[in-house]
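Protein chains in written order, with UniProt numbering: chain A, 1 to 329; chain B, 1 to 329. What follows is a short report on a single structure.
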């Protein structure tokens, strides 16, 4: 077991951009031990003034869309521009043992070796709520460590996209040409969250299909109601193989950042995200305290089953549960 | 003041299909008085076995789409088929004084006079959560009163569409041709909830535009990932003025009902809705009990402001709040 680090060691390590110390701080934040949690919060409090300056980008797409390959190409390009890039994952499947949809950091071999990039996989063994909370805190740590572009990656099959959407400034959706079978797994509603839509694998014999898909999606997006930000989500094509279109994606993000900084939208969005984070955490804590009462568990199952069948009114079930809780009035 | 009715009077009145008694029962359900709430629950418990048999339809569209006119035509048609129809509204704006977007029941003059239709506006002076809860209970009362088609109407400008989506079997989206300015108010993401999309006002000089819009929306919907129910949302056109296309909407609903009854989707969806209702009610009650502690209010405001600015960690704010609560551990 490694020796326990002090608050100062963590804070100084992070602020000096030490990747090893950053990794240990993230592990601390993800720990369930009560003393770790207390220390983690002190670390976060100390680095808080050094946070918030990065471009926070969310990225999603179904398995097979070529997300890792895109991130490798995109991330490498950003580092050549002098940016420092942290890549975090929110993986709803990582809770299950035996591997996750997003795999682990070894997927991004080039970026993992790049001194200006930092790849951190999703915390395992947590609820989506827990993953979300830890990812937000990890984002703060990365910003304090000097990363100026954060890429929060998730897989396009569950609720995790909206969760990621709620923690970033810009949401990038990767899609494949030929919107047939490949899209089966994708959750409805995601397309409308996108600030930019990118058709991947626009190379070789796939080029024509990609261009056609671009036009189709662009037409479809025109039918959507406007975002209220003055931004109209473009559809781009790119190929990580031939390294084309990657710079356009970054231009698109920069234009969006400029627009939303000027019109105040970015700031409002972040403030709302902060407030929503607080409220969901409070709700979560209240629920946890409630459900932590062990004799409620068995009752809860019975009641939920009756409610599901329509044999019991939800309001009656709630009253029954609340009357069982010792600290209820 | 009217004399208080007994449990038996309410129950017998509802089950015999007495509109007046039904209205009074709904008012009882919406009442905030504790003794009314107790009686309301006894009424609901008593009628519960007589509920669940109706086709529950949600309907939305931005102001100006012709929702009331459509409902008049559609509802009248249903009553000529022998159906009994109840129309409820979930109006997020009804909380504000001085009138609401959806107006009141006088809008639907023909249906209001029809003995086989029942129009009930949204309860006023409530939160959206409260409106939702009461609407679900009102749906049960209407089913017990013998209505076999429920139409839950809302306006397409806020969160209320997803709220309505979560209480119905089928979600109908009304849209205008010429998806320009008229759609400004519509929330993104709603289009993907629709089980059927109807272009209204397809008459006169607007006919061509309506047909073009139908094709465009149908193409756009094809790009969406499938719903997982085996149902592919059609786009229809209709005119309440010339009374065309109304029957197609009902056919579409019937086909959907048949499909989802057979493949078990409707039943699963209802069970999930029941469970979600229960859980949101429980969460709501836990939050209410928490916030009811008056000395927390002022603290909350201060903390939320700091959180919004990014000066305070949400987790710290939550801990501070929880430590102030007397029944915390």
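In this text, a Cβ means the ideal position worked out from N, Cα and C, and glycines have one as well. Note that the structure is a prediction, hence the values are computed from the model and not measured.
Taken in chain order, the members of the stretch 251–278 of chain A whose beta-carbon sits within less than 7 angstroms of a beta-carbon on chain B are 271, 274, 275, 277, 278.
Residue state for residue 87 of chain B is assigned as strand, using DSSP reduced to three classes. Of the candidates A:224, A:238, A:265, A:272, A:238 places its Cα closest to the Cα of residue 65 of chain A. Of all alpha-carbon atoms in B:79, B:136, B:135, B:137, the one lying nearest the alpha-carbon of residue 111 of chain B is that of B:79.
In the DSSP assignment, residue 175 of chain A is bridged to A:199.
For the 8 angstroms CB-CB criterion, residue 141 of chain A and residue 48 of chain A do not form a contact. DSSP places residue 71 of chain A inside the alpha helix (DSSP H), whose first and last residues are 67–80.
A distance below 6 angstroms between beta-carbons, with the five flanking residues on each side excluded, links residue 248 of chain B to the following residues of its chain, in chain order: 236. In the structure shown, the three-state DSSP call for residue 129 of chain B is helix.
Taking 8 angstroms as the cut-off, the beta carbon of residue 160 of chain B is found no closer than this to the beta carbon of residue 108 of chain B.
Of all residues in the stretch 291–304 of chain A, only 304 place a beta-carbon less than 7 angstroms from a beta-carbon of chain B.
Sequence-distant partners of residue 71 of chain A (beyond 5 residues in either direction) whose C-beta falls short of 8 angstroms from its own C-beta, in its chain, are 59, 87, 108, 111, 151, 153. Annotated as proximal: residue 163 of chain A and residue 90 of chain A, with beta-carbon spacing under 8 angstroms. Contact check for residue 195 of chain A against residue 54 of chain A fails: the beta carbons are separated by 8 angstroms or more. When DSSP reads this structure, residue 59 of chain B sits in a beta bridge with B:153, B:172. Legend: CB atoms of the stretch 199–220 of chain B lying less than 8 angstroms from CB atoms of chain A belong to residues 216, 217, 219, 220. Under the three-state reduction of DSSP, residue 244 of chain B is assigned to strand.
Judged by DSSP secondary structure, residue 276 of chain A falls within the alpha helix (DSSP H) whose first and last residues are 265–291. Put simply, of B:166, B:36, B:224, B:314 the residue whose alpha carbon is nearest the alpha carbon of residue 274 of chain A is B:314. Under the DSSP assignment, residue 120 of chain A falls in the beta strand (DSSP E) whose first and last residues are 117–120.
Taking the C-beta atoms as reference points, residue 34 of chain A is found no nearer than 8 angstroms to residue 11 of chain A. Against chain A, the CB of residue 45 of chain B has a partner CB under 8 angstroms away; the residue lies at that interface.
Residue 287 of chain B is not a Cβ neighbour of residue 134 of chain B, given a cutoff of 8 angstroms. Looking at the backbone, the Cα of residue 318 of chain B and that of residue 282 of chain A are separated by about 6 angstroms. Taking the Cα positions, residue 308 of chain A is about 8 angstroms away from residue 270 of chain B.
From the beta-carbon of residue 321 of chain B, the residues of chain A found nearer than 7 angstroms are 282. Taking the Cβ atoms as the reference, residue 228 of chain A lies roughly 10 angstroms from residue 263 of chain A, outside the contact range of under 8 angstroms.
Sequence-ordered contacts of the stretch 224–239 of chain A with chain B read 224, 225, 226, 227 [C-beta pairs closer than 8 angstroms]. Taking 8 angstroms as the cut-off between beta carbons, none of the residues of the stretch 63–83 of chain A comes near chain B. C-alpha of residue 136 of chain B to C-alpha of residue 114 of chain B: approximately 23 angstroms in a straight line. Contact annotation for residue 192 of chain A against chain B: 188, 189, 191, 192 [CB-CB distance below 8 angstroms, chain order]. Listed along chain B, the residues sitting closer than 7 angstroms to residue 52 of chain A by beta-carbon distance are 310. Rounded to the nearest whole angstrom, the CA to CA distance from residue 297 of chain A to residue 37 of chain B is 27 angstroms. What residue 307 of chain A touches in chain B, judged by beta-carbon distance under 7 angstroms, is 274, 275, 278, going in chain order. Contact annotation, residue 43 of chain B with residue 7 of chain B: C-beta distance approximately 6 angstroms; criterion of less than 8 angstroms satisfied. Annotation for residue 237 of chain B: the continuous beta strand (DSSP E) segment containing it runs 235–237.
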